[in-house]
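Chemist:
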Amino acid sequence: MSDHTQSDWSPTTDFANLRGKHMFLVVGRDFLCPFLTKEGETMATVVCTRWLDAFPASYVTVLRNAVAANLNRPHRFVCVTDNVPGLTDGVEGIQMPDLGIPLEHQEKGCWPKLSILAPGVLPADEPTLYLDLDVLINQNLDGFFDRLEAKRGFHALREWNPTLWSLAPLAMRPDRGVQGSILGFYPGEQAELFRQFNEHQQECFDRFDLDQDFLTKNAEEVNYWPFAWTSSFKWHCLKYYPINQIFPKVKRPAKAKVIVFHGDPRPIDVVPQGNYRWGTQRKFGHGPVDWVRDYWLQYDSSWTEEETELEACVPAMMAA
């Protein structure tokens, strides 16, 4: 890459110092306790990102609680964000480094997500699982860490193919590269990947539409998560019109560990009670999807049945 303007950010502190600035919690099934691990036990990190308030803070709460219920190993759950005070109580925040990304590229392309790769932001030698805020945890997550520990490198979803390609064996489908909703890595191994972006931001913006396109071309040793571990709500749960009118029920993928919402709709769009339309022109539905609604009520105790009436959800839906 040729030289372009880079941000002024530099790793002026390490994670040991960050621990003094933020209270971290080790989270496991049914408990929260101070930062402690047994001797010889590997701490894991689960991280999400939030910037420009693109998602309501409740998304972070829901994801944190869902992870705690579905991950047996001791772990810290952190949100790297430009608005730490905006997080709900009990969510641990790390200030997102200011990389000097222009506002237009913060609003589209998901470029601020790459700040999690910056040296000093996350523990260098802890297995780290990144999750987008709009994913639903459907089964136990320990397998992601087991796989990452068994084979280090950069782990990611393989981008899904359009529906017709699902008729072909996976090996015959075009490889569309990285889908950035679920990433696995050791932060200390990603300094060069971060440098390639941070020192050549404008070239990256010119060449790539999305952060995941940059990762596809520049991440070394990309390992795809097993295909059956994830499902796309858009591709695997929804039917095209007019079939969706004949079979309107949206089925929950039974075997997927994580269900990914990407694009339209987002999870909160299918939570409220009422007879309303959501989705795209060709893939859409009406009213709540029961299992998404149940998930939301389960993992955000601040919501009640009344608060998920359509009128009460409108502000959160607009924010999302």
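So the sequence shown is residues 1 to 320, counted in UniProt numbering. We put the beta carbon where it would ideally sit given N, CA and C, even for glycine.
So for Q95, helix, strand or coil by DSSP?
Modeler: Indexing the sequence shown from 1 puts residue 95 at position 95. Note: Q95 maps to strand in three-state DSSP.
Chemist: According to DSSP, which residues form a beta bridge with F154?
Modeler: Here residue 154 corresponds to residue number 154 of the sequence shown, with the count starting at 1. Per DSSP, V222.
Chemist: Which whole-angstrom value describes the C-beta separation of K257 and G180, a residue pair presumed to lie in contact below a C-beta threshold of 8 Å?
Modeler: Within the sequence shown, the letter at position 257 stands for residue 257. Within the sequence shown, the letter at position 180 stands for residue 180. Their Cβ separation, rounded to whole angstroms, is 17 Å, which puts K257 and G180 out of contact at 8 Å.
Chemist: What residue does the beta strand (DSSP E) around F284 start on, and which one ends it?
Modeler: Reading the sequence shown from its first residue, position 284 is the one you call residue 284. That run of the beta strand (DSSP E) goes 284–286.
Chemist: Tell me, to the nearest whole angstrom, how far the beta carbon of Q95 is from that of L52; I am working on the premise that it is less than 8 Å.
Modeler: Within the sequence shown, the letter at position 95 stands for residue 95. Within the sequence shown, the letter at position 52 stands for residue 52. No, Q95 and L52 are not in contact; Cβ-Cβ is about 14 Å, not under 8 Å.
Chemist: How about T49 and V80: are their beta carbons less than 9 Å apart?
Modeler: Position 49 of the sequence shown, counting from 1, holds the residue named residue 49. Position 80 of the sequence shown, counting from 1, holds the residue named residue 80. Yes, Cβ-Cβ distance for T49 and V80 is below 9 Å.
Chemist: Just mark I101 as buried or exposed, buried being the case when its beta carbon has 16 or more other beta carbons within 10 Å.
Modeler: Here residue 101 is taken as the residue at index 101 of the sequence shown, counted from 1. By the neighbour-count rule (16 or more Cβ atoms within 10 Å), I101 is buried.
Chemist: Q201: buried (16+ other C-beta within 10 angstroms of its C-beta) or exposed?
Modeler: Walking along the sequence shown from the start, residue 201 turns up at place 201. When all chains shown are included, Q201 counts as buried.
Chemist: Please return the same chain residues whose Cβ sits closer than 8 Å to the Cβ of W303, not counting the five positions on each side in sequence.
Modeler: Position 303 of the sequence shown holds residue 303. Cβ neighbours of W303 beyond the five flanking positions: S58, W296, L297.
Chemist: At what residue ranges does the region 233–275 contain a whole run of the beta strand (DSSP E), taking only runs of 3 or more?
Modeler: 258–260
Chemist: Quick one: what does DSSP say A168 is sitting in, helix, strand or coil?
Modeler: Here residue 168 refers to the residue found at position 168 when the sequence shown is read from its first residue. DSSP places A168 in coil when its eight states are reduced to three.
Chemist: If we ignore side chains and look at the alpha-carbon of each, how far apart do F31 and L167 end up?
Modeler: Position 31 of the sequence shown holds residue 31. Position 167 of the sequence shown holds residue 167. Confidence at F31 is low in this model, with a pLDDT of 34, below 50, so the placement of that residue is unreliable and no value is reported for it.
Chemist: Closest to G153 by CA distance: which of D294, E126, P272 is it?
Modeler: Along the sequence shown, one-based indexing puts residue 153 at 153. Of the candidates D294, E126, P272, the one whose C-alpha sits nearest the C-alpha of G153 is E126.
Chemist: State whether the region 181–196 contacts the region 108–122, with contact taken as three or more CB pairs (one from each stretch) at a distance under 8 Å.
Modeler: yes
Chemist: Taking 8 Å as the cut-off, does the region 257–271 touch the region 135–146 (at least 3 CB pairs, one atom from each stretch)?
Modeler: When C-beta atoms of the region 135–146 are compared with those of the region 257–271, three or more pairs fall below 8 Å, so the two segments count as touching.
Chemist: Taking the straight line between their C-alpha atoms, what separation do you get for V60 and D175?
Modeler: Mapped onto the sequence shown, residue 60 falls at position 60. Mapped onto the sequence shown, residue 175 falls at position 175. Between V60 and D175, the C-alpha separation is close to 31 Å.
Chemist: Is the region 232–251 touching the region 276–284 in the sense that three or more CB pairs, one from each, lie closer than 8 Å?
Modeler: yes
Chemist: Got a sec? Which residues, its chain only, sit under 6 Å from V78 by beta carbon, not counting five neighbours each side?
Modeler: The count along the sequence shown starts at 1 and reaches residue 78 at position 78. Closer than 6 Å at the Cβ level, and outside the excluded window around V78, lie V47, E92, I94.
Chemist: Closest to G274 by CA distance: which of D290, P265, T280, F261 is it?
Modeler: Reading the sequence shown from its first residue, position 274 is the one you call residue 274. Closest by alpha carbon: D290.
Chemist: So, helix, strand or coil for Q196, using DSSP?
Modeler: Working through the sequence shown from its first residue, we reach residue 196 at position 196. Three-state result, Q196: helix.
Chemist: Roughly how many angstroms lie between the CA atoms of P272 and L131, to the nearest whole one?
Modeler: Taking the first residue of the sequence shown as 1, we reach residue 272 at position 272. Taking the first residue of the sequence shown as 1, we reach residue 131 at position 131. If I take the Cα positions, the gap works out to 24 Å.
Chemist: Determine, using beta carbons only, whether T216 and V178 come nearer to each other than 9 Å.
Modeler: Working through the sequence shown from its first residue, we reach residue 216 at position 216. Working through the sequence shown from its first residue, we reach residue 178 at position 178. It is a contact, given that the beta carbons lie within the stated cut-off.
Chemist: Quick one: which unbroken alpha helix (DSSP H) runs of 4-plus residues sit fully inside the region 54–131? Chain order, please.
Modeler: 57–70, 103–107
Chemist: Nearest-angstrom Cα distance between F261 and W225?
Modeler: The residue given as residue 261 occupies position 261 in the sequence shown. The residue given as residue 225 occupies position 225 in the sequence shown. Roughly 17 Å separates the two Cα atoms.
Chemist: Out of G188, M172, P56, H75, point me to the one whose CA is closest to G86's CA.
Modeler: As a first step, residue 86 must be located in the sequence shown, where it is residue number 86. Closest by alpha carbon: P56.
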